[in-house]
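What follows is a set of notes on a single structure, which appears directly below.
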Amino acid sequence: MSTMILTDPVEVRPPVRTRSAALDHAAEDYDRVRRAIAFLSEHWKQQPDIEAVAHAAGLSTDGLTALFRRWAGLTPKAFLQALTLDHARKLLRESASVLDAAYEVGYSGPGRLHDLFVTHEAMSPGEWKAGGAGLVLDYGFHPSPFGSALVMATGRGLAGIAFADQGGETAALADMQARWPNATYVRDQAGTAAIARRVFDPALWRADRPLRIVMIGTDFEVRVWEALLRVPLGRLTTYSTVAGTVCSPKAARAVGAAVGRNPLSFVVPCHRVVGKSGDLTGYHWGITRKRAMLGWETGQRGG
């Protein structure tokens, strides 16, 4: 039987406020934003006006507009456009050529397409099969535009990102620990704070300082996650398209399972994968959070 080693109690303490003011505000805004997103997600076909959305969120129309602009730099109307299936299909039609272009230019150089400028390596199959035995993972909870973010890192780079709503931090930590049950987990709030800022503050996304990540999974999973890194900000792809780049379009179901097991949420952008019809399918950390990520990215691209 495998044994999980913890060097300190799995008590989840409130995040330490050591990030930029903008990131703190985005994190504080998310609880209110998700109420608006839930309403928009349910009623997008009716294209509700801003008054209806504001009422559902318990805000004034001015307050709602200010909230969305502060959170992602876009209006509620622009976010609604990002949620509609027609918009999703438009992005999907565009993504094929962009994805092909990404493969042509490769990972580095002036044609680099991935927004976070990620450089990566993978653990050996033996390390993965051992359930993380001998691996030390530092972790901490930090504010993000998508709720509380659990950031996990080794000496080689970022290894895990998970998300939790208020009160769900313990469950999120247990979910991640179950992936590598024999690893040693050390709470390091200060040490993981700088990584959290690198991930969630777009001002720190720099080509000359790539974010180093470590992928811990099977050979097949790592190949799927590498393919996801090539899907640019603001674009969507399908499970079958990813399957075609990894092995065969017929392997879409297996690819879907690998996408669902992605331990580096947001950085390895599994939220940019949709169904063949363009539908926003499930997401391990909640479909509302997936919609939030896509809308937030629309804002980072200028709406």
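The sequence shown: position 82 = 82 (full-length UniProt numbering), numbered continuously. C-beta: ideal position from N, C-alpha, C; glycine also. Bear in mind that the values here come from a model prediction, so they are computed numbers and not experimental data.
Inter-residue Cα distance where the pair is residue i and residue j
| i | j | result |
| --- | --- | --- |
| residue 131 | residue 68 | 41 Å |
| residue 295 | residue 72 | 8 Å |
| residue 285 | residue 271 | 10 Å |
| residue 135 | residue 154 | 8 Å |
| residue 144 | residue 78 | 21 Å |
| residue 263 | residue 148 | 16 Å |
| residue 190 | residue 248 | 43 Å |
| residue 36 | residue 56 | 7 Å |
| residue 146 | residue 293 | 7 Å |
| residue 103 | residue 119 | With a pLDDT of only 47 at residue 103, under the threshold of 50, the placement of this residue in the model should not be trusted; the figure read from the coordinates follows. Roughly 15 Å between the two C-alpha positions. |
| residue 38 | residue 287 | 10 Å |
| residue 3 | residue 165 | In this predicted model, residue 3 has a pLDDT of only 42, less than 50, meaning its place in the structure is not dependable; the value taken from the coordinates is given anyway. Rounded to whole angstroms, residue 3 to residue 165 spans 28 Å at the Cα level. |
| residue 61 | residue 80 | 15 Å |
| residue 238 | residue 257 | 13 Å |
| residue 211 | residue 168 | 27 Å |
| residue 58 | residue 74 | 19 Å |
| residue 244 | residue 273 | 14 Å |
| residue 250 | residue 261 | 19 Å |
| residue 299 | residue 133 | 41 Å |
| residue 76 | residue 128 | 43 Å |
| residue 160 | residue 124 | 16 Å |
| residue 66 | residue 181 | 44 Å |
| residue 10 | residue 193 | Since pLDDT at residue 10 reaches only 39, below the 50 mark, its modelled position is unreliable, and the value read off the structure follows with that caveat. C-alpha separation (whole angstroms): 18 Å. |
| residue 70 | residue 156 | 34 Å |
| residue 158 | residue 227 | 18 Å |
Rounded distance between the beta-carbons of residue j and residue i, thought under 8 Å
| i | j | result |
| --- | --- | --- |
| residue 265 | residue 141 | No, residue 265 and residue 141 are not in contact; Cβ-Cβ is about 14 Å, not under 8 Å. |
| residue 268 | residue 205 | Not really, about 15 Å apart at Cβ, beyond 8 Å. |
| residue 246 | residue 223 | 5 Å |
| residue 64 | residue 54 | 4 Å |
| residue 40 | residue 201 | That pair is no contact at about 25 Å. |
With 16 other Cβ atoms within 10 Å as the buried cut-off, status of residue i
| i | result |
| --- | --- |
| residue 283 | buried |
| residue 290 | buried |
| residue 304 | Outside the displayed range of the chain (1 to 303) lies residue 304, so it cannot be described from this structure. |
| residue 207 | exposed |
| residue 253 | exposed |
| residue 230 | buried |
| residue 183 | buried |
| residue 235 | buried |
| residue 219 | exposed |
| residue 34 | buried |
| residue 221 | buried |
| residue 213 | buried |
| residue 297 | buried |
| residue 279 | exposed |
| residue 196 | buried |
| residue 177 | buried |
| residue 122 | buried |
| residue 172 | buried |
| residue 126 | exposed |
| residue 138 | buried |
| residue 198 | buried |
| residue 174 | exposed |
| residue 209 | exposed |
| residue 317 | The first residue shown for the chain is 1 and the last is 303, placing residue 317 beyond what the model contains. |
For residue i, the three-state DSSP class (helix, strand or coil)
| i | result |
| --- | --- |
| residue 207 | coil |
| residue 238 | strand |
| residue 151 | strand |
| residue 165 | coil |
| residue 64 | helix |
| residue 390 | A query on residue 390 cannot be resolved here, the shown segment of the chain reaching from 1 to 303 and no further. |
| residue 176 | helix |
| residue 259 | helix |
| residue 280 | coil |
| residue 245 | helix |
| residue 232 | coil |
Test: residue i CB closer than 8 Å to a CB of chain D
| i | result |
| --- | --- |
| residue 298 | Looking for chain D here will not work: only one protein chain is present. |
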